[in-house]
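Q: Everything in the sequence shown is counted per this note's numbering, starting at 7 for the first residue and increasing by one.
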Amino acid sequence: VSTFPSRLPVLVDPPAAPPLRWGILGPGTIAADFTAALLAHTGQRVVAAGSRSAHRSAAFASRFGIPTSYGSYDALLADPEVDAVYIATPMSEHFAQAAAAIAAGKHVLVEKSFMRTADEAVRIRDIRRGTAVFVMEAMKTLYVPQMRLLRLLLDDGVLGELDTATAQFGSATTFDANSRLFDPALGGGVVLDIGVYPLAFARSVLGDFDRVDVSGTLASSGVEDSFSAVLTTSTGARATAAASWRSTSALRAEVGGSAARVAIGEPFHNTAPLELISNDGSRLGFFDDRRPGRQGLSYQAEAMAGYIAEGRTESPVHSLDDSIALMRLIDRVRAGAGARFDDER
Ligand SMILES: NC(=O)c1ccc[n+]([C@@H]2O[C@H](COP(=O)([O-])OP(=O)(O)OC[C@H]3O[C@@H](n4cnc5c(N)ncnc54)[C@H](OP(=O)(O)O)[C@@H]3O)[C@@H](O)[C@H]2O)c1
């Protein structure tokens, strides 16, 4: 029997992590937000940028004061001054780039979704295990303060027996055949792009699912552009997870148990407010908004630097087995929505 606490646990900032020397692979939208967040909030160093074009990497490097830029990804991986790389390219490139980075002896942070398929994720885990390098998926949501607090509450059993989790991510997006989002050859589709957040949330609170029931729709390029899923664990707890490019939804998440529920406000996948609410309506609130929006990308990089300093090779919060399990769920949700990549037909 759990009792409702009189106050929330105090979340202590982790100690400042020793700096890694980062190289950025793929100077696109998220690479810019990641670099800005690192420079604004951490002692981490960004020492090189790599692109398929020397012009694009030089422009990125000059924008952020990065000392070195390369006109190929291989040249960046050959730089002995780089300790760790951040792979911020389309999903179609993640496998080959992660494998090349591991072979070059670099620690690797791979943007979500980790890979295109669970098969690729298994292969990367196995390649990693033959080496001493650290590899993790950049599932930023699991490293932001309210999710660290939620894990403490779950560990303390404050919610009682868990029964439901809900998370949704709708972001109306006009079809564009030239965008990576809609191109199956680049690993497009709403599940890999934003559906991964509600699915990762559901899995992080309820664990793995035995049953996966999905309804979804396809864009004209063949990738799925919306889904709603009901996910059921072996004990009968259920998550409902949804994502869409056809409409915009509130970006909220919730987890409910026999004693209390936790509601995470918008946008649940970045830094967001958390409320613990008892069955009779008592509320305790938390909001650490020091790194709003995509500035929260910096938490996972600091966590990774700390894990490496501790001698770890995978994240204790989201290991490569967790990434594989999440990719297996993603495979099932994509298939349930009716989407297949060419090599899955
Ligand atoms: N964590 C987050 O908040 C967040 C948000 C958005 C996206 N993401 C993830 O970050 C990754 C990149 O997304 P993004 O929105 O930043 O994409 P983007 O703006 O299109 O940038 C992707 C970069 O990848 C490089 N690239 C390498 N091979 C490519 C290819 N075959 N086709 C196209 N580009 C290629 C490009 O750099 P060069 O051409 O210069 O080499 C480009 O700058 C994806 O995995 C995505 O899921 C994460």
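Idealized CB from N, CA, C, for every residue including glycine.
These numbers come from a predicted model, not from an experiment.
Let me check you understand the geometry: is the CB of LYS146 closer than 8 Å to at least one non-hydrogen atom of ligand 1?
A: Here residue 146 is taken as the residue at index 140 of the sequence shown, counted from 1. Yes.
Q: Quick one: what does DSSP say GLY71 is sitting in, helix, strand or coil?
A: Numbered from 1 along the sequence shown, position 65 holds the residue referred to as residue 71. It is coil, neither helix nor strand.
Q: Which word fits PRO322, buried or exposed, when buried means at least 16 other C-beta atoms lie within 10 angstroms of its C-beta?
A: As a working mapping, residue 322 is identified with position 316 in the sequence shown. By the neighbour-count rule (16 or more Cβ atoms within 10 Å), PRO322 is not buried but exposed.
Q: Say the cut is 8 Å; is the CB of ALA37 nearer than that to a heavy atom of ligand 1?
A: Along the sequence shown, one-based indexing puts residue 37 at 31. ALA37 Cβ: within cutoff of ligand 1.
Q: Can you name, in chain order, every residue of its own chain whose Cβ lies under 6 Å from the Cβ of SER234, other than the five neighbours on each side?
A: Here residue 234 is taken as the residue at index 228 of the sequence shown, counted from 1. SER221, ALA248.
Q: Do ALA127 and VAL229 have their C-beta atoms closer together than 9 Å?
A: The count along the sequence shown starts at 1 and reaches residue 127 at position 121. The count along the sequence shown starts at 1 and reaches residue 229 at position 223. In this structure, VAL229 does not lie closer than 9 Å to ALA127 by Cβ.
Q: Mapping DSSP to helix, strand and coil, what is HIS275?
A: Sequence index remark: in the sequence shown, residue 275 carries index 269 (1-based). It is coil, neither helix nor strand.
Q: According to DSSP, simplified to helix, strand and coil, what is MET142?
A: The sequence position of residue 142 within the sequence shown is 136, counting from 1. Note: MET142 maps to strand in three-state DSSP.
Q: Excluding the 5 residues flanking ARG244 on each side, which residues of the same chain have their C-beta closer than 7 Å to its C-beta?
A: By one-based count along the sequence shown, residue 244 stands at place 238. If we look at ARG244 and ignore the five residues flanking it on each side, its Cβ neighbours are THR170, VAL236, LEU237, THR238.
Q: Can you check which of these residues, PRO96, ILE93, ALA94, THR74, is closest to PRO86 by C-alpha distance?
A: The count along the sequence shown starts at 1 and reaches residue 86 at position 80. Among PRO96, ILE93, ALA94, THR74, the Cα nearest to that of PRO86 is on THR74.
Q: Tell me whether ALA64, by its Cβ, gets closer than 8 Å to a heavy atom of ligand 1.
A: Residue mapping note: residue 64 aligns to position 58 of the sequence shown, counting from 1. Because no heavy atom of ligand 1 lies under 8 Å away, the Cβ of ALA64 does not count as near it: no.
Q: Taking 9 Å as the threshold (C-beta atoms), are GLY195 and ARG334 in contact?
A: Sequence index remark: in the sequence shown, residue 334 carries index 328 (1-based). Sequence index remark: in the sequence shown, residue 195 carries index 189 (1-based). No. Outside cutoff.
Q: Starting from THR238 and walking both ways along the alpha helix (DSSP H), at which residues does that stretch end?
A: As a working note, residue 238 is residue 232 in the sequence shown. Here THR238 belongs to no alpha helix (DSSP H); instead the beta strand (DSSP E) covers 230-238.
Q: Does the distance from the C-beta atom of VAL91 to that of LEU115 stay below 9 Å?
A: For the purposes of this step, residue 91 is identified with residue 85 of the sequence shown, where counting begins at 1. For the purposes of this step, residue 115 is identified with residue 109 of the sequence shown, where counting begins at 1. Yes, they are a contact pair.
Q: Which same chain residues, not among the five before or five after SER68, have their C-beta less than 7 Å away from its C-beta?
A: Position 62 of the sequence shown, counted from the first residue, corresponds to residue 68. Nothing meets the Cβ criterion.
Q: Count the other CB atoms, across all protein chains shown, that sit within 10 Å of the CB of HIS324; report buried if there are 16 or more and exposed otherwise.
A: What you label residue 324 is simply residue 318 of the sequence shown in a count that begins at 1. Its Cβ being crowded by 16 or more others within 10 Å, HIS324 is buried.
Q: Please determine whether the Cβ atom of LEU205 lies at a distance below 8 Å from any heavy atom of ligand 3.
A: With respect to ligand 3, the structure shown offers nothing to examine, as its ligands consist of ligand 1.
Q: Is ARG186 near ligand 1, in the sense that its beta carbon is under 8 Å from a heavy atom of that ligand?
A: Residue 186 sits at position 180 when you count from the first residue of the sequence shown. Because some heavy atom of ligand 1 lies under 8 Å away, the Cβ of ARG186 counts as near it: yes.
Q: I believe LEU26 touches HIS113 by the beta-carbon criterion, under 8 Å. Please report the beta-carbon distance rounded to the nearest angstrom.
A: Residue 26 sits at position 20 when you count from the first residue of the sequence shown. Residue 113 sits at position 107 when you count from the first residue of the sequence shown. That pair is a contact at about 7 Å.
Q: Could one say the Cβ of ALA341 lies closer than 9 Å to chain D's Cβ atoms, at least one of them?
A: The question asks about chain D, but that chain is absent: this structure has only one protein chain.
Q: Quick one: Cα of GLU143 to Cα of ARG122, how far?
A: Within the sequence shown, the letter at position 137 stands for residue 143. Within the sequence shown, the letter at position 116 stands for residue 122. Taking the straight line joining both Cα atoms gives about 12 Å.
Q: Under 8 Å from any heavy atom of ligand 1, does the C-beta of HIS100 make it?
A: Along the sequence shown, read from residue 1 onward, the residue named residue 100 stands at position 94. Because some heavy atom of ligand 1 lies under 8 Å away, the Cβ of HIS100 counts as near it: yes.
Q: Sorted by chain position, which residues of the same chain lie with C-beta nearer than 6 Å to TYR305's C-beta, five sequence neighbours on each side aside?
A: As a working note, residue 305 is residue 299 in the sequence shown. Excluding positions up to five away in sequence, the list reads TYR149, VAL150.
Q: Please confirm if the segment 195-204 is in contact with the segment 212-219, defined as three or more CB-CB distances below 8 Å between the two stretches.
A: At 8 Å Cβ cutoff, the stretches do not touch.
Q: Would you check if the distance between the CB atom of LEU198 and the CB atom of SER119 is smaller than 9 Å?
A: If you number the sequence shown from 1, residue 198 lands on position 192. If you number the sequence shown from 1, residue 119 lands on position 113. Going by C-beta atoms, LEU198 is nearer than 9 Å to SER119.
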